[in-house]
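Novice: Dropping a structure here in structure tokens format, bear with me for questions.
In UniProt numbering, the protein residues as written are 1 to 403.
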């Protein structure tokens, strides 16, 4: 059997896809829970498994026939391997990369389903997988989550450095989420050593947060808890030069922004603006499916919070009132609490950045333009703490951000 045929016989392009996403769940195996997939992601997996396997051909068969095809593929691989160390002999080849990649999904992620039962009939394949692991993955335990009980720790970060995990850069602001802009602005203000890691879509915190930090392997989630942790760890107090009254007012402003204004922005961005023909997803680089998911999530979570129970007109009124309150509080000051930036400014700037640069010409932008001091404030914050701004955005997806 030629090497390229051996690669094709790997069950990847054949029944494994269908068994994992369609047949095993049908038999009561909670694949999503074992592999850490959400219910919506599982639904998406089922849809694509059926569609793509039908187009390829395997999906046109019955479940019994698909299982037979898998068994035949595994049997062919087993016979071809025989007693050899690797697929082509005593030395590993490119073929082994493909075969091991596919077999790893059965050997370790079979979830007790049909593919695992067939696989166990061929002990030389099991021995082969263990051999490949030992030979090329000596750090295997650092590269897995051990059933979701801990994070994979393969990456070695410099010690005593804040690792800021966040989603990728945005088109016109450094992030599409205000909380990443908030936290990175704070890190820039305090000048603590930090690195950005744009990986959180695939590597969320243990609390499911997209914006979180690591420090010497210790994880902290939620932007506000991250700031508290950094303050304590590095003995930082950005508010030490302000009075108790000013700090209290700043905290109230921050709460309004993080827990009230945020929900109006989410509803306008994902629910109301698209309804009026604004293609927010395309402008922000979000797929149609993800836009729909975010729309449903915004409606669900904002309803639970309270703002989502209002009509569109009422939500816009609430947004306008919040922006007006910010504008009046700022007045002619340089920053929210005076001539010196404070912790409050991180939250306010993070939130306003989503309207100032990424409102996509929607309702929030129209309301925001009524308050020129907020516009000037955002430009001031950008100039003060983001001199490398142009390196931290994609310029409307025309190029990659270099930072």
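Beta carbons are placed, not taken as given, at the ideal position from N, Cα and C, and that holds for glycine.
#1: Going by DSSP in three states, residue 37 sits in which element: helix, strand or coil?
#2: Measuring CB to CB, does residue 35 end up less than 8 Å from residue 146?
#3: Who pairs with residue 89 in a beta bridge, going by DSSP?
#4: Tell me, please, which residues DSSP counts as bridged to residue 196.
#5: Assign residue 201 to buried or exposed, taking buried as 16 or more other Cβ atoms, counted over all protein chains shown, within 10 Å of its Cβ.
#6: I think residue 88 touches residue 103, with their Cβ atoms under 8 Å apart; what is that distance to the nearest whole Å?
#7: Give me the Cα-Cα distance between residue 82 and residue 155, rounded to the nearest whole angstrom.
#8: Do residue 205 and residue 221 come within 8 Å of each other at the CB atom, strictly closer than that value?
#9: Kindly indicate the opening and closing residues of the beta strand (DSSP E) around residue 212.
#10: Starting from the C-beta of residue 129, find all residues in its chain whose C-beta is less than 7 Å away, skip the five residues before and the five after it, and write them out in chain order.
#11: Find out if the Cβ-Cβ distance for the pair residue 227, residue 343 is shorter than 8 Å.
#12: Compute the Euclidean distance between the alpha carbons of residue 374 and residue 380, then round it to the nearest angstrom.
#13: Would you kindly work out how many angstroms separate the C-alpha atoms of residue 16 and residue 115, rounded to a whole number?
#14: With burial defined as no fewer than 16 other Cβ atoms inside 10 Å of the residue's Cβ, what is the status of residue 196: buried or exposed?
#15: Taking DSSP as the reference, what is the three-state secondary structure of residue 397?
#16: In the structure shown, what three-state DSSP assignment does residue 286 receive?
Specialist: According to the structure data:
#1: coil
#2: In this structure, residue 146 does not lie closer than 8 Å to residue 35 by Cβ.
#3: 86
#4: 164
#5: exposed
#6: With 8 Å as the limit, residue 88 and residue 103 do not qualify as a contact, their Cβ atoms being about 16 Å apart.
#7: 36 Å
#8: yes
#9: Residue 212 -> beta strand (DSSP E) spans 212-215.
#10: 100, 103, 104 and 107
#11: yes
#12: In a straight line, the C-alpha of residue 374 is about 10 Å away from that of residue 380.
#13: 7 Å
#14: buried
#15: If DSSP states are grouped into helix, strand and coil, residue 397 belongs with coil.
#16: In the structure shown, residue 286 sits in coil (DSSP, three-state: anything other than H, G, I, E or B).
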